[in-house]
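S.K.:
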Amino acid sequence: MSSENQDPVKTICPYCGVGCGIEIQQGDEAGDVRFLPWGDAPVNEGRICIKGGAATEVVDHEDRLTDPLIKEDGEFREASWSEALEYVVDELERIRDEHGPDSMGFLASSKVMNEENYLLQKLARRYGTNNVDNCTRMCHASTVWALRTSLGAGAMTNSMRDLRDAADLFWIQGANPGEQHPIANSQYFRQAVLDGATVVQVDPHANKTTRTFGIDDTDRHLHLQLNPGTDIPLLNIVLKTILDYHDENPDEGWIDEEFVEERTEGFEHLRETLEGFDKSAAAAECGVPLEEIERAATKYAAADNAAIFTGMGMSQHACGVDNVQNEINLALITGNLGRPGTGVNPLRGQNNVQGTCDVGAMPNVLPGYQLVDDDAARESVEDVWGFEIPAEPGLTNVELTYEAGDAIRGLYVMGENPVMSEPDANSVAERLADLEFTVVQDIFMTETAEFADVVLPATTWAERGGTVTNTDRRVQRMRGVDKVHENTKHDLEILREIGTRLFDGDAFSFEDPESVFEELRRVCPSYHGMTYDLLGEEGLHWPCYEPGDEGDPFLYEAGFDTENGRGHIEGVDHQPPAETPDDDYPLILTTARLEEHYNTGTMSTRSPTLNRQTPENFVDVHPADADRYGIEDGEYVRLRSRRGEITLEAHVTDDTKEGVVWTTPHFAAASANVLTNHVLDERAKIPEYKAAAAEIEVD
Ligand code: SF4
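All residue numbers for the sequence shown refer to our numbering, where the first residue is -16 and numbers rise by one.
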């Protein structure tokens, strides 16, 4: 610990995926870490949102874990590092010997840097299992699946800069950049709108995005306030409108025939899917006037460069892959890909959610999205790692906790909090209690750490270095100040210690983050051209195949990265949510995040600045529903689903639709995930957070 005033270091905000640069500096008091603006930071040029400005507040929080803990007779006691690490290694060996390596699960984290996630997935694979996953599973797994299979890469097709400079229209469906990506919104997208771009927002909830762009106030913009879970029929109306108009008016070029002919496949399948499609019935299903949707279709088709933003309102459904596929269909038939200002662009929620996937912390892929069941890909990584990698894809996040106590006997959790983040949270807690052994490495005693047998205290984002990959594929360096608590360790050090104790050889004897990155770039083709020196302060957008490559701000100029080089079009039909309202649960519950809080609230609810803004959870209730159930604005209500009940304050507002209640997952005392449904998308295994049946009554 140092109380000396050191030079400031340049690093990256630990919250959302925009990747804003900030400076931090050791303060005068021991442990005090100061925030400073980084005036010419490459993404944000010194601007910052409320979360970024408050990020250093939790670095020296009184709740920080400071020493390793071992649970004995149901109580935690302090332990030395050597005792705690030996215990972890002994238990990992015992579980492998008694039940086999596939009885362990490993959870990586998008709050953690590339090097650390790379090391965790390598540890899992050296242990003998592909049971390693990360929280992308809960946010954009379906988006990644659809983009990767239909275009080639599971990432934003474009960059914030080219979207600002070239887009004429933003189609924002199930995303809320005004709240979730405030600097991207204010510094990039809003500038495009000030320069004349149009916004079509498709969202069941009116939010800060609606208000930022004045969408409700002008003829230029549109907000289609659809019912939760009706994104496919809405987009099918858009697609059908464009197809029909083009058939009558081919010279207008609403469909880019040359692009479709030369660069895509599956167009006829889309036509067949929409043959006889009843637009009026679909509009009624969506709860949006048909003419409004047709008007939006006209705006998209007539734009020179139309860009789609997609968010968790699309991905967090049991039909999440198909939701995103329909956005891809729209972009492909109109030729809105492979150019600045276009594309299908998932806005990522955490500062390293993109990188955590890139480095292979997923059960079906190795670093660089190389399929684990592809013999050639596996062998090329094995050549570098020096050990055999299991060929069978492992279990995903929710599957791991669902199997806890049965097929899964132990969990290794780095920086994740499944007791809060997974759907049907009460049942997750019950299952974790059935595990034989759980180890959690984190900075605070999270709701999940309470279930652990060993808790390992890690350093925060502000105390260590490495790299993170932001929402538009820009890989940037993070740098830390001195440790606040001497007896904490960096995640990388902890994994290195466990790896070297568990396994013979030097597969885990890395000196520092840079030496891990050097190995990562050998096995991850899209990072191969990057080094710490080449990243510099600007960073580089992947793919960057050879040193000297400048990286690609937008993808697919020369063709798609699919097997035959074509973009894949595929018509999709409406699939209603697994739970729809009935007599017992007459409302639809949907969930979303707030600007001033972050995921499970582990950091943000400990920040005085953020808590002053919103100290507790609330539920938005439409005035007509408030009348029906006798609810006054500000009154406390019980919100119930088939899985549980929470008590929280009601906000009576027409931000939400009649019949739809809207709340957040950030607060442990009343988390939306007590209520959400654990039904999964069949392919991407993402839960359906966005639609569940619910009832409400005054507390
Ligand atoms: Fe941090 Fe995102 Fe805010 Fe930028 S926009 S300061 S990255 S939370």
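Note that the Cβ used here is the ideal one computed from N, Cα and C, for glycine as well.
#1: For the segment 590 to 631, list the alpha helix (DSSP H) runs that are entirely contained and at least 4 residues long, ordered along the chain.
#2: Which parts of the segment 412 to 468 are runs of the beta strand (DSSP E), unbroken and 3 residues or longer, counting only runs that do not cross its ends?
#3: Could you tell me which residues DSSP puts in a beta bridge with W525?
#4: By the DSSP assignment, the alpha helix (DSSP H) with E81 in it spans what residues?
#5: Assign Y101 to one of three DSSP states: helix, strand, or coil.
#6: Counting beta carbon pairs with one atom in the segment 140 to 151 and one in the segment 450 to 464, are three or more of them shorter than 8 Å?
#7: For the beta strand (DSSP E) containing E244, name the first residue and the last one.
#8: Tell me the rounded alpha-carbon separation between S(-14) and K466.
#9: Relative to the C-alpha of E433, which residue among E399, E362 and T442 is closest?
#10: Hey, quick one: how far does the alpha helix (DSSP H) through H229 stretch, first residue to last?
#11: From the DSSP output, read off the bridge partner residues of L683.
#12: For ligand 1, list every residue whose C-beta falls under 5 Å from any of its heavy atoms, going in chain order.
#13: Under 8 Å between the Cβ atoms of N114 and V342?
#14: Can you tell me whether L177 is buried or exposed, with buried defined as 16 or more other CB within 10 angstroms of its CB?
#15: Ends of the alpha helix (DSSP H) at T193?
#16: Taking contact to mean at least 3 C-beta pairs separated by less than 8 Å, is the segment 416 to 426 in contact with the segment 379 to 396?
#17: When DSSP builds the beta bridges, which residues end up paired with A286?
#18: Apply the 10 Å Cβ neighbour rule to S404 and answer buried if 16 or more other Cβ atoms are within range, or exposed otherwise.
#19: Is I552 helix, strand or coil by DSSP?
#20: At a cut of 8 Å, does the segment 220 to 234 reach the segment 279 to 289 through at least three beta carbon pairs?
#21: Report, in whole angstroms, the separation of the C-beta atoms of D214 and G157, which I expect to be a contact under 8 Å.
#22: What is the DSSP secondary structure of E680, counted as helix, strand or coil?
#23: So within the segment 294 to 360, which uninterrupted beta strand (DSSP E) runs reach at least 3 residues, ignoring any that extend past its ends?
#24: Assuming the contact rule is C-beta atoms closer than 8 Å, N760 and G0 should be a hit. Round their C-beta distance to whole Å, please.
#25: Is Y683 helix, strand or coil by DSSP?
#26: Starting from Y395, follow the beta strand (DSSP E) in both directions and report where the run begins and ends.
#27: How many Å lie between G531 and Y515 at the Cα?
#28: Just the C-alpha distance for N547 and V307, rounded to the nearest angstrom, thanks.
#29: Is the beta carbon of G377 less than 8 Å from the beta carbon of R414?
#30: How many angstroms separate the CA atom of C122 from the CA atom of H580?
#31: Under 8 Å by Cβ, that's how I've got L152 and V183 pegged, so tell me the actual separation to the nearest angstrom.
#32: So M87 is in the beta strand (DSSP E); what residue range does that whole segment cover?
#33: Specify the secondary structure class of H123 as computed by DSSP and reduced to three states.
#34: Between the alpha carbons of R666 and G22, how many angstroms are there, rounded?
M.R.: Well, looking at it:
#1: 591 to 596 and 606 to 612
#2: 420 to 425, 437 to 440, 449 to 452 and 457 to 461
#3: For W525, which the question treats as bridged, DSSP gives no partner whatsoever.
#4: W64 to H82
#5: helix
#6: yes
#7: Counting along the chain, E244 falls outside any beta strand (DSSP E), though it belongs to the alpha helix (DSSP H) covering E240 to R246.
#8: Note on S(-14): pLDDT 45, under 50, position unreliable in the model; no value is reported.
#9: E399
#10: D214 to E231
#11: Past the edges of the chain, shown from -16 to 682, lies residue 683, and the structure says nothing about it.
#12: C(-4), Y(-2), C(-1), V1, C3, I31, C32, K34, G35, P165 and I166
#13: no
#14: exposed
#15: K191 to T195
#16: yes
#17: In the DSSP output, where bridge partners are listed per residue, A286 has none listed.
#18: buried
#19: coil
#20: yes
#21: 7 Å
#22: strand
#23: 327 to 329
#24: Missing from the structure shown is residue 760; the chain here goes from -16 to 682 and no further.
#25: Since the displayed the chain opens at -16 and closes at 682, residue 683 lies outside it and no answer follows.
#26: G393 to M397
#27: 13 Å
#28: 21 Å
#29: no
#30: 16 Å
#31: 7 Å
#32: M87 to L90
#33: coil
#34: 43 Å
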